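Colleague:
In the numbering used here, the protein residues as written are 1265 to 1383.
1. Which runs of the alpha helix (DSSP H) fall wholly inside the region 1317 to 1347 and span at least 4 residues, in chain order?
2. Assign residue 1289 to one of two classes, buried (16 or more other C-beta atoms within 10 Å of its C-beta) or exposed (fewer than that).
3. Nearest by alpha-carbon distance to residue 1292: which of 1307, 1271, 1349, 1319 is it?
4. Taking all protein chains shown into account, do 16 or more other C-beta atoms lie within 10 angstroms of the C-beta of residue 1283, making it buried, or fewer, making it exposed?
5. Evaluate contact between the region 1340 to 1357 and the region 1269 to 1279, counting only Cβ atoms and requiring at least three cross-stretch pairs below 8 Å.
6. Please identify the residue among 1297, 1279, 1281 whose C-alpha is closest to the C-alpha of residue 1343.
7. Distance check for residue 1354 and residue 1300, CA to CA, integer angstroms please.
8. Residues in the same chain with beta-carbon distance under 6 Å from residue 1333, minus the five sequence neighbours each way, listed in chain order, please.
9. For residue 1310, does the count of other Cβ atoms within 10 angstroms reach 16, so buried, or fall short, so exposed?
10. Is it right to say residue 1312 is buried, meaning 16 or more other beta carbons lie within 10 angstroms of its own, or is it exposed?
This is the structure:
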């Protein structure tokens, strides 16, 4: 389809991210998560599918943005949930609230076929 299967999550400030969990509505062989501070090169981690369509990523570094992408750029990425475990509980709750508030937009864009949508 030619859509660029990428999801950007702006953490709205620097957050130490321990772990990212991604649930998708369909199965993929592999997802790639990049965590990035300021202008630095992103730290990249890959995850192969665990049970059903759940992917787990260990980050262990500070980040301002998290990018979730597919290995195959011609495929469509349909994400139904993202959980971020942070160093600070308050930050974690803010990120969860931020993701939850925009969750409907993501699901709507998934249905409409617009996958290059920032959270």
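Glycine included, each C-beta is placed from N, C-alpha and C at the ideal position.
Quantities reported herein were computed from a predicted structural model and do not represent experimental measurements.
Modeller: Judging by the given coordinates:
1. none
2. exposed
3. 1319
4. exposed
5. yes
6. 1297
7. 20 Å
8. 1270, 1296
9. exposed
10. exposed
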